[in-house]
Amino acid sequence: MLVQVGGHRALMLTCRRFQIELARDMGYTAARYGHVMFPENVYEPALELAEILLEGVGKDWASRVYFSDNGSTAVEIALKMAFRKFLSDNKVLLDLVNSDVNGRCMDLKVLALRGSYHGDTLGAMEAQAPSPYTGFLQQPWYRGRGVFLDPPTVSMCDGTWEVTLPEKLQSDKSGQECLSFNSRDEIFKRSRDSSTLASFYTTFILQELLVLSDSEGLSHIGALIVEPVVQGAGGMLMIDPLYQRILVRECKNRKIPVIFDEVFTGFWRLGRESAAEMIHCQPDIACYAKLMTGGVIPLAATLASDDVFEAFTGDSKLKALLHGHSYSAHAMGCMAAVKSIKWFKDPNTNMNMMSESRLLQELWDSELVVQISSHPAVHRVVALGTLCAIELLAEGSNAGYGSMYASSLLNKLRDDGIYMRPLGNVIYMMCGPLTSPEVCRSILEKVYARIQEFGQH
Numbered sequence: 001m002l003v004q005v006g007g008h009r010a011l012m013l014t015c016r017r018f019q020i021e022l023a024r025d026m027g028y029t030a031a032r033y034g035h036v037m038f039p040e041n042v043y044e045p046a047l048e049l050a051e052i053l054l055e056g057v058g059k060d061w062a063s064r065v066y067f068s069d070n071g072s073t074a075v076e077i078a079l080k081m082a083f084r085k086f087l088s089d090n091k092v093l094l095d096l097v098n099s100d101v102n103g104r105c106m107d108l109k110v111l112a113l114r115g116s117y118h119g120d121t122l123g124a125m126e127a128q129a130p131s132p133y134t135g136f137l138q139q140p141w142y143r144g145r146g147v148f149l150d151p152p153t154v155s156m157c158d159g160t161w162e163v164t165l166p167e168k169l170q171s172d173k174s175g176q177e178c179l180s181f182n183s184r185d186e187i188f189k190r191s192r193d194s195s196t197l198a199s200f201y202t203t204f205i206l207q208e209l210l211v212l213s214d215s216e217g218l219s220h221i222g223a224l225i226v227e228p229v230v231q232g233a234g235g236m237l238m239i240d241p242l243y244q245r246i247l248v249r250e251c252k253n254r255k256i257p258v259i260f261d262e263v264f265t266g267f268w269r270l271g272r273e274s275a276a277e278m279i280h281c282q283p284d285i286a287c288y289a290k291l292m293t294g295g296v297i298p299l300a301a302t303l304a305s306d307d308v309f310e311a312f313t314g315d316s317k318l319k320a321l322l323h324g325h326s327y328s329a330h331a332m333g334c335m336a337a338v339k340s341i342k343w344f345k346d347p348n349t350n351m352n353m354m355s356e357s358r359l360l361q362e363l364w365d366s367e368l369v370v371q372i373s374s375h376p377a378v379h380r381v382v383a384l385g386t387l388c389a390i391e392l393l394a395e396g397s398n399a400g401y402g403s404m405y406a407s408s409l410l411n412k413l414r415d416d417g418i419y420m421r422p423l424g425n426v427i428y429m430m431c432g433p434l435t436s437p438e439v440c441r442s443i444l445e446k447v448y449a450r451i452q453e454f455g456q457h
């Protein structure tokens with residue numbers, strides 16, 4: 001029995017058992033179903049997964065699930081959903097759709113945050129600010145059909161969690177208080193809603209939304225899209241949850257549909273099943289992938305509220321969501337997701353899961369994290385759930401996504417059996433929800449030792 005052995009060995013056995021059972025169940029599913037075209041059909045794995053998603057990450061807000069195969073496609077579907085809901089909520093605009101007004105057509109844009117990343121398909125790229133991913137050599141068609149706000153970020157620096165305000169907010173001294181925290185948990189407390197900083201954020205966001213209002217009615221913000229809490233590929237930036245919560249609230253007040261891109265952050269990546277729980281607000285639409293299947297096979301899902309679904313109902317098929325996807329709800333992907341989510345969620349199979357709170361226990365040693373954040377070669381650290389990201393202190397060409405600054409450090413870590421994909425001068429580690437804290441500590445110790453060597457050169 002797993003309870004009769006030590007915690008580290010128990011988790012190793014649990015991981016092995018999970019992999020064996022997952023492979024077995026997928027083999028059974030492949031033999032039973034093969035490939036089934038999903039439109040107008042339903043089968044057990046897809047139905048069970050839809051129920052699990054609506055009772056899990058979609059609980060209390062979502063009523064429908066749309067399956068696809070990867071995060072970028074899930075975002076494309078979400079954008080279609082959001083724009084339709086926006087037009088439905090603003091019926092007066094329907095007369096302008098595809099019509100010419102004073103020689104120009106109505107332009108639907110998204111509201112998004114700088115540093116965000118939503119995928120590499122064309123629509124998803126349009127919903128993110130200019131970055132190395134959208135440059136001319138990557139996407140010559142890129143226009144950036146959005147309005148991009150500079151958000152405040154949070155990280156640990158020299159052992160203290162601090163909020164860093166963007167340049168546009170730094171000029172106003174009235175809101176620059178309560179920017180340091182003794183613990184990470186304080187950053188997520190709802191009590192911050194009554195702070196001076198909350199009022200400061202609200203004023204700033206309202207001003208931005210006012211500027212975006214187009215008196216001619218030709219340009220409209222048709223959706224807000226954010227990665228809740230952490231922006232992944234953009235540099236592992238932790239966004240102040242207070243700022244995101246206020247932004248979501250003000251957009252909903254204006255009937256701007258809200259999309260949460262949880263492709264990276266979902267399914268305990270940040271310690272909770274959904275990062276939406278951490279910012280205490282709900283979207284209209286949300287996208288999931290990656291950890292959903294335990295990393296064994298591609299699958300994605302776009303969840304939507306009943307109001308979003310109703311925007312697509314009507315007598316004509318042409319009003320439906322016409323997004324063709326041959327491998328929608330592929331049986332093997334759905335079975336892998338059912339198995340993975342159940343396994344991750346159950347304290348009997350995931351010893352990292354704290355049964356009362358449904359949170360993952362801390363996986364990264366807090367003392368080591370503080371030591372790393374205090375090293376002179378380190379600019380900031382974000383340790384949350386299964387993620388630990390470290391930004392090396394760098395300037396000029398040594399900073400940013402195209403930087404090779406971390407190369408020598410990464411080469412040394414390979415000698416230790418640790419392989420990382422850098423984001424310029426940001427290095428990061430991601431374990432699984434089943435990984436033991438002992439394994440995480442061992443990795444972190446090796447990383448810290450190599451950073452100490454790195455800092456001497």
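Numbering (full-length UniProt numbering), first residue to last: 1 to 457.
Just so you know, even glycine gets a beta-carbon here, dropped at the ideal spot from N, CA and C.
Presumed contact (8 Å Cβ cut-off) between residue i and residue j, rounded CB distance
i    : j    : result
A336 : V296 : 5 Å
F312 : K319 : 6 Å
V426 : A389 : 6 Å
I221 : D261 : The pair is not a contact, with the Cβ atoms about 17 Å apart (cut-off 8 Å).
N70  : A300 : 5 Å
L384 : G271 : 6 Å
T386 : L363 : 6 Å
F267 : M238 : About 18 Å; that fails the 8 Å criterion.
Neighbour-count burial assignment, residue i, 16 or more Cβ in a 10 Å radius
i    : result
K317 : exposed
Q138 : exposed
N352 : buried
I285 : buried
F42  : It should be pointed out that residue 42 corresponds to Val in this sequence rather than to Phe. Exposed, because fewer than 16 other Cβ atoms sit within 10 Å of the Cβ of V42.
V211 : exposed
R254 : exposed
Length of the line joining the Cα atoms of residue i and residue j
i    : j    : result
D365 : S68  : 37 Å
L247 : T202 : 8 Å
V439 : S180 : 30 Å
H375 : E40  : 58 Å
S183 : G144 : 37 Å
P152 : F38  : 42 Å
Y448 : P422 : 16 Å
W161 : T196 : 18 Å
E76  : L122 : 9 Å
E216 : D107 : Residue placement at E216 cannot be trusted, given a pLDDT of 44 that sits under 50; the coordinates are not used to answer.
P132 : M404 : 14 Å
M156 : I259 : 28 Å
L54  : P140 : 38 Å
K168 : E177 : 16 Å
Endpoints, the beta strand (DSSP E) within which residue i is located
i    : result
G146 : G146 to L149
Y428 : V426 to M430
K156 : Residue identity differs from the one stated: residue 156 is Met in this sequence, not Lys. Its beta strand (DSSP E) spans residues T153 to C157.
V42  : Note, V42: premise wrong, no beta strand (DSSP E); not H, not E.
I390 : L387 to L392
I239 : L237 to I239
D120 : No beta strand (DSSP E) contains D120, which DSSP labels as neither H nor E.
S68  : R64 to S68
Three-state class that DSSP yields for residue i in the structure shown
i    : result
Q371 : helix
Q138 : coil
S194 : helix
V258 : strand
V101 : Interpretation of V101 is limited by its pLDDT of 47, a score under 50 that renders its predicted location unreliable; the figure taken from the coordinates is listed afterwards. Correct three-state label for V101: strand.
M26  : helix
M351 : coil
R114 : coil
First and last residue of the uninterrupted alpha helix (DSSP H) at residue i
i    : result
K446 : P437 to G455
R84  : G71 to D89
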